[in-house]
Amino acid sequence: MGSAIAAWFAEKGAGLLLGALAKLALDAWQSYRDDQARQDLGRAQAEAEQGRGTIAAQQAELQAQADAPHSADEAIRRLEEGSA
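In this text, residue positions in the sequence shown follow this note's numbering: the first is 5, and each later residue adds one.
Given below as structure tokens:
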């Protein structure tokens with residue numbers, strides 16, 4: 005009985021063992037790649053959010069420039085009206 009088990013393992017066991025090791029290695033590699041993909045996604049989302057913040061700040065600056073008085077007379081008039 006023992007020799008039959010040894011013969012079976014000699015015939016198929018090495019392949020099964022190598023297959024199991026290969027599966028473990030592939031699973032570890034896939035886990036690593038998944039982590040990298042999540043990090044890349046987080047970085048891209050942070051960069052996009054930063055870009056949206058920059059655009060909003062630029063738009064606010066442009067609006068402030070557009071709303072600013074263009075002459076001293078206009079500035080004085082706004083101050084007198086209380087809309088400065």
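Every residue, glycine too, gets a C-beta built ideally from N, C-alpha and C.
- In the displayed model, residue 86 falls within coil according to three-state DSSP, outside both helix and strand.
- Judged by DSSP secondary structure, residue 75 falls outside any alpha helix (DSSP H); it is assigned neither H nor E.
- If you draw a straight line from the Cα of residue 35 to the Cα of residue 19, it is about 24 Å long.
- Per the coordinates, the alpha-carbon of residue 85 lies some 29 Å from the alpha-carbon of residue 60.
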